[in-house]
Structures are given as structure tokens and as C-alpha cells.
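K.L.:
Handing you a structure now.
Chains as they are written, first to last, in my numbering: chain A, 242 to 1132; chain B, 242 to 1132.
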């Protein structure tokens, strides 16, 4: 098995990444010392009443709940003894205090005694200074101070009048010095005064507020350089936009150095306007710390990282050593299954993130689909041989044509035993070269070599769950070493009728009409008139009266349909395959007319399909669809097109009394049968209005190079085939599984014959003399980290779907695995419990109106001696297999 | 002392109000059982990438941090074992788990084992159902389930596909039943289908998703009646607008019954569309529980209160018994000192709350200022006698005229020894009656009797820190029993010159010009030309280019000034007082022209004041102001009017070489001297634009009756006087203190002479033979709850302010308090530490450029034998006095 499936669960049992942050307090002489002052400025009534602020009522006016502040601050302080907080408004604190349990009160008293929680200012409110009478100031301060004294035995030492709109002399000398305060801090000051003080570094003064008492009632006064909030970029309330420190090296966007640099820059800026090396940052502002942890978590990190530069280096080294690697592919694929991802309703930058995650796991030839494959190009241009390893994850042998881009026509292909393999050179169209050139630069930042001319196509044969190797070499001869094939372009043809196909299937095109006209398969005797066309829908811009909105990420709401004369597509017919492969290239969709467009293709026959079609459910069951009809309720048809669209993951088919037309897709698309005999697929969408369902972004994907952007071009494939009625399922199931699990290619170079001689060049995971029944697929085969192998077998057919294959199937595990099997346990689908246990726990429902239970075909228990697994139609069975030989390597 | 100052600290040492909520789980058959399901739907990538969502980066796109969710949920679960939470997306949980300490991991494992934390669905993501291939669904689910199994040994039992945009058959039977799930829940469904199911109560179904496996792979499926969020009004994320349960009976807005009713109504509504009595509420939605406590706190309360109806009754009883009472006055006043309150930048509904808080402490005659006093009116109309108790909080004896409204002219006033007191009957103007009628109905909801005709004015004499009682009786005689005084109205006068004043001060008015013209005091030989006028400023609407904004709550930004011809005002001169009292009534300010206006008054003399004026700092020091000048920086004058306005709490004065003009105010106003010889006060403002500094509301106060609103009318007083140069301070200090501390009136009724004979009818807190020096005031005298008395003495004069009084003053505590003093401790200003201790701790600052220290006069230490307290100019000293007799009542 390939290494990529080993260590599948690196995170599950992985080592702890817990970081203990060092946040101990210390002063370093001669350096700038930044003192973080965590605080919440809780107005005792402003936009809401004092009680509304306390309990968090009337939040439509302002989201603020002081109870949250105090609850969460106390909790955060109790978690880490290095954390500190100041609290100011006793009117709020007293409300909170009254509601606490004795046990919590005792803990809070310890926080106050240890200095973690300090009362500052300490009046009931942070009184105004312009308008109250001094006796009222004294009274309200006394009330608060008495509470602090009575409950905590503490005496506030700092005046903290950060928000009042101006400052009175009485505040400084009477409500400051005479309270025993050492210092007074505030933020608001005349803008002209502040400008002068910033310039002259006189933000810190000793204030003598009284002519009569002069120096005997003076107080150190600190004016904040700006407001009483943190420097820009250091606010960490829930929902604040400052970048958090991301120091988990296993996540993306690690930014410790960047944030440390930001911190240092902000500290230097402040040190430039203050007199000493000690500067204060007010870490908080109005009604902040509603969830205190959001602040303390970040401050912990800043203290930790700013104090220890060496450690940062370790981290950077660590990141390189243990950063994202290919083992993360499984995780990436799991994340991408999220419903906002596969459905396309994620934002574009999130889509880019998904793509990045996937690319990390599959780096070899990221843009092979558009003919860009650096390893193959580099090796061959140096005159060396290229080894191509083709891996087949399916449980049956496959013969397929693979293609790689080459720059020369002088290449030969040999299999691992040295036999020459027939190969073809297919000219690469200018359209493809143009995409290759643009997209490689846009997405990889690399200019691809200009010399690629051909697709080298050759047939490979790969054993089940195994791989084969092929060697591609340049030859020193004049003229091409392989057949150069033609591409028929309808415009260039001399005849009106063009017949394509060297095997039993022929497609007939009309050059004059520029389209497919007939389909004929001499093997199953199907002939039919078939047309394939393209059209586009204009997307609704949502400006009309209807409660529905614009066509967008969530909504398909077409206005009108227009035919498209031609699209860039290549139709291929392979000798051994009785289906047509259509490779389409669509884009950029023009939107110069400010109208969004959605591109669809139609395959049209004369079949009388009676409004009925079938679409797959997650690539598994096919569900019958009736146009303009729902089983569960009487449908009111408001959207005759969109209301009949269904998701297509595997395929879609229609049938009449004699034949069935099937289409398979290489990706999830929308599809329908809007007219009898016709199948339609939606292939590409470019829209100019947000549909207001939440993504808040227009579905207008662009690709940019040097700040110039153009609409996204996409390339993909679908496949179609016509079978006699009742015979289409075989193709849909087998080919569908192959499309979902294409051969995986890996590349390496070799000098001479070294590689091929020193490596296993062909291998199958199963007994070469055994083959799985045609109606069964191995859908999972993975070695878990404990050496146990996870096997999932799936019956591919539904009851009644195929006369030969919709029957009980048997798999012989002893032949599937030539190694000695020690033990087999049947598990639930996700392998987290034994199946028998699961069945025991299953709730039995009495279902109203369900009548008698029909017969269900399921496989029986697995005999531990014979180890034969039976599977009924659509059954999937999951096993953990313990191989005896693996034990030898254990203790 | 009056009872209102006893129990001053009811909250400080009050009993605990901690409520232990009963949230134990129970099922009650036959009732509706509401199952709260706390959850957070955490999209694994949508508007942000998965890592950005996890660490809370890129919050400008969407405030969401899953780390917060998990941190705070775990913390909340650990706090209370009855709390539960489900978690779904293992991609996030795994990131979080990796970063936790071993200790916390152990605790979380316990939470999972006990069922407090349950993994639901349990794939890496909540996969889409429309577009992925079934093998990918199995793989991503397996990855998550393996993690849960490996780390916690747990097996998810519930499918939870609440957000995907549609649902596939494969999900139901394969990713549901075959995983061993008992049930599957989701929210999204075609709107037509949902409507039918709501109607037919078929939201709950047993789904057989597979034709082939039919009943052997069925699953119970619950479709939510609406979305996956809680019923309206039950969302409790930080900043959510749902009303929290307010169950603290000491706060306002207690709403337990109301919220319980809401809960029951929402439960009934849901029970109407579900099949059984068991209904589920999804308590959460996208990225919620960023601070889990905000949810659990409310859910705890709902569980507690909805389950125990009897307890609610207790609470309502409790509220009546221990609800807000008059003891809360001190708290209310403290809260009102908050800088957004006194400065007027609070919102109007907050101002109403402040007013309510204050009114609770002072209920007797809330609208006495506009002649509405129900106790006096009721008693006298019944023919009984009314006892008026006048309390003097100052340390000196006061002789003042008090006024109460009466409906008859046949009343007499006697003092407590039965001596008749001279009284006057002053006609109540129609303007006052109109305000009285409107405001009593608007603010109290009461229609006042229509019979009030006069102010009964009489002189009272009240001892220092004490009270006197007066008895008002109706007499059975014809014709008035007291002198009915005239009110001069300038329009009615026959002569041009009107002289007002029966004492030494005379004011001369010109009836022709309609204004004051001269001021003459024969006692201090001051005569002067004086005019008093009104004007209004038009407020800037902020639409010009200037960075400054509209005139509003924070900003005074006048455009133009216009004179006002007449205002409703009464000017009074009392025989014993050498000052003029101006009572003004202003409003509603007309704004029909859509222009906000600000009303000011000017007192204008010919004094040459050289751009200089003096304003008080918090009613204490007077600060010298120079027009268009700042001491600390070179002022650039951008706002020639607003830039020269200062807060006036006590008063403002100007002086020239021979005299000084002083104005005292009864409330905080803005004031200035914009022209030499002139003093200006801003009295009322009504503006139509928000100044965008935060309050988000227009300063346009209105008073509404039956949904009809008119602009606020205000009534107030200011006082002015002219003294020879150097002699104004005495008046400003003494009268200023009296204005700040007016006599407090309380009322009771008596039949015959009962009350006066059975009560102490006159009392002084100090030795009647002792009087405080004229330059000292008792600013605080309060009995603390431990029986200790808090005393504050304030020297009222600044150094050099008055030739007689700006000297060291002495207070003999033994004579001030006739009781035996056990111990006197001098304290810091807020009495939370001994003064000597405070001085020891005081930091000593070396002040740059401060030169030699000038002499400061302060009182020396208090000799414990003589107990004489000395006070230097502006000194305030605070003492705790322990009286011997109080000890006798102790243990």
C-alpha cells in the first residue's frame, strides 16, 4: 500500500501541543518596560441604565453586561496567578458581590489580597469632574471606599478618571492626594494641550491642584497619549478584529514573529512621547472583558513571546520540521466535506484555503489537468528517463489511457518488464497552452517552459489495489517515435459527416451544423439521434418584487435562456471504452453587459421519458425524480427550472421503453431533465449579485496575474452512453467508481535502469489469482496506526437495478489478502464499535402505517473459519482485520 | 439626626443574595417537557477559513472564535454538573484538544463520561448532503469517530445535520442508521414541505432512506419547526438582545414571572406542531457560546423558575418586603455622580432612571418646586393641622423663608412653642399652575387638586445640624389671616420705575424698558447700573465642512446669538438677605423652525474686568479664567463662545478695581464672561441633532401626556450680588453652602396638639451654646452601622480669599458634641485608613523646576485631651468618632 495511507490518525493520538506560557512579572532596567493594565470601563449608566448594564438587558441599544465582565474576569484570574485586573466602579462590583456564593467570595478575597484583583479609584462610579459639588464627590467615593475596606480591608491607591470630559483642580488635590492616592490617570484633555504635551514629553506631571495647600496636596498625574484603549491592533474582545497570536505550528497563519514585531513597534511609538522607559498600556475600554479569557489568552502570549526571543527561533525551526505535510491529506479532505465547502457557498478566500489544504497532500503534478507537470518536463528535457507509477485504489484490474505533457515527439514508453508500450502523441491545443501558461503563473508563481507540445498518451494496466510502473525515455532518432494523432476540429473538416471512434462505439458529427448528430454502438446495437448543445441562463439580479433574491452562491434563479453557438470542448472515444468522454473548457464567462451568466450543456435525444429522470444520492443510490412533482406534498411550481434541478455527484439518467441515456460526471454539478429525452448539466456560473443568504460575497471567481484579473476558466469532463433498457447500471456503477477513484500518478527519475531494478515495480495488494465480484468494491483499505487494517466492502447495486448483479455477493477475505489473518471484527460504518454491539443498542421503532416488513437481503455473519463476507444489494460492511504477521513486529 | 442617614451602608455588609439554582434533570409525564439542547454550530470554513474560525482571526469578516466556545463551554460545564452541551465538529475539537494541558484533558474526559459533554454527529465536519460522494462522507465521519473513540471511548448516537441545504437518502440510511445512530435531526427543508408538516404534525418521522435495505436501515428523524436557533427572545450570546431573567430583587426591572410566561408561551407554541409532549429547543446557533456562561446563566434560571411555581410567589412577596426603599438614597446619589449623569450626556431614558432612584429616597414632596405637595394639600383641606419639620444639615443656625402651596387664605403658622409666626401669602402665577397641572400628571400620573392659590411663605429658624417644627392650621375667620403680598409685573406698573426690596438692598426696574436697571445696597454702599437679559444661540446642525459636529449632548457649538424680549422670571429680594434671587421658568423652547436653541441669561455691568473671571472647581476652589487664553499652551481660538465656557457648580464672579459681581447657581450650568463686566449662564438647551460623540440620541427632552409631547420646561434659581472689592467671598461661601444644602422639609399631620406634645419638636445636634467658626462647615456627619460617627469639617476659604476668614480656624469637638467622646481617629478623606498611615505611605515626588516650597497652613494633630481641630484654608479633615454612650448599647 502507498505510504500516504499510513499514520492516518496523526492527530487522534498525537503528542500534546499544550504550551505553558511564562507570564511572570519582571522589570528589566535600561529596556522599555511595557505594563499591561487590563481594565474595563463600565459606565454606571449611559446609553442604558445601571441595572440594564449590569444584567445585560436592553442589549439592542448596546451589547454590555457587567455581570459577564466580573464573572469571566474572576474566572480568568483564578486560572493563572500571574494575571491581573483592575476594577473601578464599585456600584457594579457591589451588585455582583451580593450575588456570589460564600465559597467564591473567599476566592475573590484571596485575589484581592494577592494583588491580582486591584480596586482603583474605588468610588461607586467614576464621577464627573465638571459639574458635581465636592461634597457629593467625597460622599460617593467614601461609599465605595468603605465597601472595599469593609469587605476586603483594602485601600485604593490610584486615581483613575479616564473618561470624564475634563478635569478639575479639586479632583487632583482633594479626591486624589487627600484620599492617599499616589497617582491619577486620565485620557481626555484639550486636543491642543495634548499635542503640545506629546511634543514636549510632558504627559506625566506632578499636579498641585490647590493654591492654598500647594505642594502638600500634590499628585503624580499621567495623561494617556491617546485614549484609554490599547494601541491599534491589540484589542481582544470577542469579535474584535485584532489579529490574535497564532502560535500553534500545526495550524495555518502562524504569526508569532509578526505580532511580536507589532508589539515592539507600538511600544517604541509610545516610548517616544513618554519620559521614562516605563510605559502603560490600557488593555481594555468601555464594557470590555465580557469574556475575559479572550483578552488574557492573548496577553499571556504577548508576555511569553516578547520576553523570550530565543524561544521564538525554536518555534520557527519547529515549524519547518513538523509543519504541514502530506499526512494531512485525510484531514484536509474531511474538512472539505463541510457543507459550505462542497456546495460552493463558502467565500472565495476560503475556497482558496481548501485548495491549499488539498494540494499539500498531493503535490506531484498539481496542474496536470492543464498539461503542467514539472517533474515529467524536467526529467525528459535532461535526457533522463522518467518513471511513472500508476496506483489503482480499486479492487479490480484496470486498463486505462493516461496522459502526460511532453516537449518532444522522440519518446518511447516501456513497461516495467521492458516491453514497449504503444503510445500516441496528441497535439496540445492553443487554448490549453494558454490556460497552462496563465494558471501556472497565477497559482504557482512559476512560468512554465514554453516547449510543451504534446500529450503523451499510453495505455496502462494496473492490478487491483496495486500499482504498475512505466518508463518513458527520449530516443535519439529523427522523426516521431510514437503515432501523432489528429484532433478533428469541426471547422477544418472537408466532409460534412465526421465519424469518430475506432472501437465499437461511433459518434457521428455534422461539420456543417457544427455538432454531434448520431450515436451508434455496434456491440449492444444501440443507435440513436443525439445532439449536444450549450446554453446560458441570465442570472436574476434580485431587484424585482419577488421575495426570492438574486442568483448567487446559494440560489439558482435564472431569468432567460440563450443558446451558445460553440464551446471549447474535446470529445474523445477510446477503443476499449463504449462511452463518449467530453472534456469542456469554459471561461472566462463574459460579463461586460453587467449580467451574470450560468453555463449549461444539454444532451438531447428523441426518447419519450415522461418527465421522469434519476439522479444519484451521494454517488450511491439513484433516486427517481418527476418533473414538477414532489412525493411528500402538492408542489406549487414557482421556479420551473431551478425547482427541477438536483445535485449530481455520480450521474443522471433517463429511460424510455427501449433504452436509457446515462451521464456520469467528474465533479458535483447541478442537473436536471427539463424536457423529455434530454439531460442538462450546469457546468459553470459567474454572477454579479450576492443572494443575501449569508456569504456576503458575489459568486464572481477571478484569476489574477499582476493585479489584472479575469473570470475563472474551468476544465472538466463528463461521460455519456446509451444502453438498452435495463443494461445501463453496469456502466454507471463500474465506470462511476473509476471516475471517482482515478489512477493516481507519481513520478520519479532514473539514470539507466537503476530505479526499475532496485524497486518493486508492480504490486497488487490482493492475491493475483483472485478477483472481486463485479458487484463489489473495496471502498476503504487503510492501515491504522496500531497496525490494524480497516476494510470496507460495498455492494454497488441496488435491489432490482441489474438482473445479474443485484444479488447477494461473496468476498473471500483469505484470497483477498494473501497474508495470514489473525482476527476479523465486523464494525459499525465508522468503525468505532463492533457491529453486534451497535445492533444490540439500536432502538426499535414502531412505525405508524408501515405495514408488513418486506424481505431485505443482507449478508450473514462472517464465519471465522472461512472468512467469507456476503453483501446484499447496497450493503456496506466494515471490518478491522488483525494480520498475524504484524504481531511479529510487536512485543 | 434624621433616620435617612442611618444604615448608610446597607449593601456593604448586607446578607448574601446568592441563589443556588435547582437545575436537576427530571421528566414529568403528562406535562410538556422542554429539553434544552445547548449547542454551537461551528462551520468548518465558510466566511473565514477553518483556522481563522478556530483562533478568532479575521474577525472583521465575522466575529467568531471556536477556541472561545470550547474554552468557555468546558469552564461552564465544570462549574455545574447539571449543565450539558453537545459538540459536533471534531475538526475544531481536535485543534482545541491538542492545546490543552493533561490536567484539563482529564477533567474533560470526566465531562464526557458523565454525559455533560456529548459528541453528536461526530464527523470532522457537518458534511454537506447534496454534493459529496458517499465514500468521502464515510471517510470524514470515520476520522472524527475514531478520534472520539480513541480519546474518550465514546460512540456518537445522534445525527445532527442541522445546516446542510438539503438532505440525501444516503445520509439517512448510511451515515445514520449504519453508524448506529438512533436519530437524525435537521432544520432545512423545502418551505412548502415544512408548511405541510407543521400543519399535519409530521415533523417527526421514521425515515427509510434505502429501497434496498428499507426498514433494516431506518432512522427516527426530527425536523425542527423552524431554524436551529432558540425561540425568539431566548438567545443569550453576549450582546444578544433577549431580555435576561432579572431575579435580583434589589435591582430594578425584576422580570421572573414575565420571562417564565414567555417561556411557557413559546413551549406551548411548539407543542402545537409536534406529536408528543417532549419538545426540543436548540439553545444556540452559528458560532455561539463564545462566552458560554452568558447562556448557561440564563438557562439555569429558566430551569429553576419554570420548575418551581411556588418559589416564584415567594419572590414576589420578597420583592415587596425588601424592595427598593429610602435607604437607597445614598446609593442613588453615588450613581448619579457618574460622569455621564451629571454632565447630561446620558440618554434620556437613563436620566429618567436616575430621577427615579433619587425620588425613591425623597418622596415627601417631589414636585414642591412647582407648587405640588400632596401631604400639605390633603391635610389642610381636611381642616387638620400640618406639622412641617425643617432640617438644617449645616453647622450654623439658619433663618430662612420657606414656601408651601396652600388652597386657602385662612391659615396661620405657629412655632413649636405656640408663638404665631409672621407669614405671607404669595399668589401662584398662572404659569406655575399650568406647569404644576401638566407635570404632576405627566410624571406622577396624578391630577392635582385645582384649588391651590397661594404660596404660604414664612420665616423659619433652625439650629445647626438640627430641626425645628412649625404648625400650620386653618382658622375659622373671614378674610385672609396673613398678609397677601403683591407680585410686581412690569407690564402692569403705572410708574416707569419700580423699586423692589424692603431691606438694605433695592433693585430698580424700568417698566418702560421692561428690565432691571439699577442695584443699590445702602449697607455696603454699593450702587451700580445693572441689566439682566436673555438670549438664545442657534445650535449648529453639524452639516458644514468643519470636523466639529452639531451642538448636542457633548458639544456646545453655537452658530448665532439672538436676544429674547421677555422670559418668565420672578426676581425676589428678601428683607434679611442682601442678594437678589431670580427664579426662572424656561420652556418649551420652540423648534418649529427646525433649529435647536440654547437659552442663556446675562447680567451686565459697566465694570472693567479685563477679560478675567473666576469659576468654581466642584464648588470648592475658585479658578481664575482669562478669556481666549490658556496657561499651559498657546490657544488657537476656534470656538470664541464655547471655548470660553466653564462649568459652574457654585458660582462665578468678576471684579474690577472697586467692586465684584458674584452669581451663585442652584444647579450645575455652563457659564462665562464673554464681555467685560458681564456674566453669562446657560440655562436650558433643546437641540435637534446628535453630536455623534456616542450617546446616539438628540438632546431634545420632552414631557408627554396622553402620547402628546412638548419640550421640557425647567424652573430654577440663581442669585447675584455686588460687593466692594475683596468682600464678596463671605457671601459666596456662606450662601453657596446654604444653596447646596437647603433646608429639608418633612410633613406630617396632627389632630389638636398631639404631635407637638409627644415629639421632640426642635433639636440641635451640637451644644446650643456653641457655634462653629464662620469659615468652617460640617460637610459630613453620619452614624455608620457600627455606631461610629463619621465627621468631616471643611475650611471654606482659600488662602488670601478673605482678610478675616482665610486664617487657621479651630473647632472644639467637645462643644460640638455634648456627648462624651471616647475616641477620635483622624482618617483619610474617604475614611478608609488612618491619616497617619496614609501619610507614611505617601510617595514623595521630586518635582522638576518646583523651586522652594512655599508655606502651607494646615491644622496640627488633634490633642486627645482638648480635642480641638484646627483647619487651614481649604483644608478638609475627616474623623471617626467613637462616643462613649454608644458603647453602653454594645456587648
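Note that beta-carbon positions come from the ideal geometry of N, C-alpha and C, so glycine has one too.
Comparing the C-beta of residue 1115 of chain A with each C-beta of chain B, is any distance below 9 angstroms?
P.N.:
Chain B, which has a Cβ nearer than 9 angstroms to the Cβ of residue 1115 of chain A, makes this yes.
K.L.:
Name the DSSP beta bridge partners of residue 372 of chain A, please?
P.N.:
Note: residue 372 of chain A sits in no beta bridge, so no partner.
K.L.:
Per DSSP, which one or two residues make a beta bridge with residue 866 of chain B?
P.N.:
Residue 866 of chain B is bridged to B:854.
K.L.:
With distances taken from CA atoms, which of B:1125, B:1097, B:1120, B:1101 is nearest residue 451 of chain A?
P.N.:
Looking at the Cα atoms, B:1097 is the closest of the given residues.
K.L.:
How is residue 218 of chain B classed by DSSP in three states: helix, strand or coil?
P.N.:
Outside the displayed range of chain B (242 to 1132) lies residue 218 of chain B, so it cannot be described from this structure.
K.L.:
Hey, how far is the Cα of residue 568 of chain B from the Cα of residue 987 of chain B?
P.N.:
Its pLDDT being 33, under 50, residue 568 of chain B is placed unreliably in this model, and the value from its coordinates should be taken loosely. Distance between the alpha carbons of residue 568 of chain B and residue 987 of chain B is about 16 angstroms.
K.L.:
Which residues of chain B have a Cβ atom closer than 7 angstroms to the Cβ of residue 451 of chain A, listed in chain order?
P.N.:
Those within 7 angstroms of residue 451 of chain A in chain B are 862, 1115.
K.L.:
For the segment 929-995 of chain B, which segments carrying the alpha helix (DSSP H) assignment without a break, of at least 4 residues, lie completely within its bounds, in sequence order?
P.N.:
Listed in chain order, the complete alpha helix (DSSP H) runs (minimum 4 residues) inside the segment 929-995 of chain B are 969-981.
K.L.:
Quick one: list the residues of chain B neighbouring residue 1079 of chain A, beta-carbon separation under 7 angstroms, in chain order.
P.N.:
Those within 7 angstroms of residue 1079 of chain A in chain B are 421.
K.L.:
Can you give the Cα-Cα distance for residue 349 of chain B and residue 397 of chain B, rounded to whole angstroms?
P.N.:
Cα to Cα, residue 349 of chain B sits roughly 16 angstroms from residue 397 of chain B.
K.L.:
Just the Cα atoms here: how many angstroms apart are residue 249 of chain B and residue 293 of chain A?
P.N.:
Bear in mind that a pLDDT of 21 at residue 249 of chain B, under 50, signals an unreliable position, so the model cannot answer this.
K.L.:
Short check: CB of residue 286 of chain A to CB of residue 531 of chain A, under 9 angstroms?
P.N.:
No; because the gap between Cβ atoms is not below 9 angstroms, this pair is not in contact.
K.L.:
What is the DSSP secondary structure of residue 403 of chain B, reduced to helix, strand or coil?
P.N.:
DSSP places residue 403 of chain B in coil when its eight states are reduced to three.
K.L.:
Can you say whether residue 672 of chain A is buried or exposed, counting buried as having 16 or more other CB atoms within 10 angstroms of its CB?
P.N.:
Under this definition residue 672 of chain A is an exposed residue.
K.L.:
Using a 10 Å radius around the Cβ and a threshold of 16 neighbouring Cβ atoms, would you call residue 795 of chain B buried or exposed?
P.N.:
Per the 10 Å Cβ criterion, buried.
K.L.:
Going by CA-CA distance only, name the one from B:891, B:892, B:876 that's closest to residue 885 of chain B.
P.N.:
Of the candidates B:891, B:892, B:876, the one whose C-alpha sits nearest the C-alpha of residue 885 of chain B is B:876.
K.L.:
Can you give the Cα-Cα distance for residue 1114 of chain A and residue 1065 of chain A, rounded to whole angstroms?
P.N.:
Roughly 22 angstroms between the two C-alpha positions.
K.L.:
Look at the alpha carbon of residue 765 of chain B and the alpha carbon of residue 653 of chain B, and state the distance between them as a whole number of angstroms.
P.N.:
Straight-line Cα distance between these residues: approximately 36 angstroms.
K.L.:
Using a beta-carbon distance cut-off of less than 9 angstroms, what residues from the segment 376-400 of chain B approach chain A?
P.N.:
Hits within the stretch, in order: 376, 377, 378, 379, 380, 381, 382, 383, 384, 385, 386, 387, 388, 389, 390, 391, 392, 395, 396, 397, 398.
K.L.:
Between B:1060, B:1017, B:1006, which has its C-alpha nearest residue 974 of chain B's C-alpha?
P.N.:
Ranking the options by Cα distance to residue 974 of chain B, first place goes to B:1017.
K.L.:
Could you give the C-beta distance for residue 639 of chain A and residue 703 of chain A, rounded to a whole number, given that I count them as a contact under 8 angstroms?
P.N.:
About 5 angstroms; that satisfies the 8 angstroms criterion.
K.L.:
Looking at the C-beta of residue 614 of chain A, does it have a partner C-beta in chain B at a distance below 9 angstroms?
P.N.:
Closer than 9 angstroms: no.
K.L.:
From the beta carbon of residue 563 of chain A, is the nearest beta carbon of chain B less than 9 angstroms away?
P.N.:
Low confidence applies to residue 563 of chain A: its pLDDT is 32, below 50, so where it sits in the model is not reliable, and the reading given next is rough at best. Output row for residue 563 of chain A: interface = no.
K.L.:
Going by CA-CA distance only, name the one from A:1094, A:781, A:617, A:803 that's closest to residue 713 of chain A.
P.N.:
Of the candidates A:1094, A:781, A:617, A:803, the one whose C-alpha sits nearest the C-alpha of residue 713 of chain A is A:617.
K.L.:
Shorter than 9 angstroms from the beta carbon of residue 327 of chain B to some beta carbon of chain A?
P.N.:
So, not an interface residue.
K.L.:
Would a check of beta-carbon distances place residue 406 of chain B closer than 9 angstroms to chain A?
P.N.:
So, interface residue.
K.L.:
In chain order, what residues of the same chain have a beta carbon less than 6 angstroms from the beta carbon of residue 1055 of chain A, not counting five sequence neighbours either side?
P.N.:
Cβ within range, chain order: 1108.
K.L.:
Mind listing the chain B neighbours of residue 523 of chain A? Cutoff is C-beta to C-beta under 7 angstroms, in chain order.
P.N.:
Neighbours of residue 523 of chain A on chain B: none; closest Cβ ~17 angstroms, over 7 angstroms.
K.L.:
Starting from the C-beta of residue 297 of chain A, find all residues in its chain whose C-beta is less than 6 angstroms away, skip the five residues before and the five after it, and write them out in chain order.
P.N.:
Cβ within range, chain order: 306.
K.L.:
Can you find the residues in the same chain that come closer than 6 angstroms, C-beta to C-beta, to residue 1029 of chain A, ignoring five residues on each side of it along the sequence?
P.N.:
Counting only Cβ-Cβ distances below 6 angstroms, and skipping sequence neighbours, we find 1121, 1123.
K.L.:
Excluding the 5 residues flanking residue 463 of chain B on each side, which residues of the same chain have their C-beta closer than 6 angstroms to its C-beta?
P.N.:
Counting only Cβ-Cβ distances below 6 angstroms, and skipping sequence neighbours, we find 426, 445.
K.L.:
Does any residue of chain B have a CB that is nearer than 9 angstroms to the CB of residue 800 of chain A?
P.N.:
Judged by the 9 angstroms Cβ criterion, residue 800 of chain A is not in contact with chain B.
K.L.:
May I ask which residues mark the beginning and end of the alpha helix (DSSP H) holding residue 309 of chain A?
P.N.:
307-320 is the span of the alpha helix (DSSP H), which, as asked, contains residue 309 of chain A.
K.L.:
Answer yes if the segment 927-941 of chain B comes into contact with the segment 989-1008 of chain B, meaning at least three C-beta pairs across the two stretches below 8 angstroms, and no otherwise.
P.N.:
As far as the Cβ criterion goes, the segment 989-1008 of chain B does not touch the segment 927-941 of chain B, which means the pair count is below three.
K.L.:
Looking at the secondary structure, which residues open and close the beta strand (DSSP E) in which residue 425 of chain A lies?
P.N.:
Counting along the chain, the beta strand (DSSP E) containing residue 425 of chain A begins and ends at 424-427.
K.L.:
Does DSSP put residue 521 of chain A in a helix, a strand or coil?
P.N.:
Three-state DSSP puts residue 521 of chain A in a strand.
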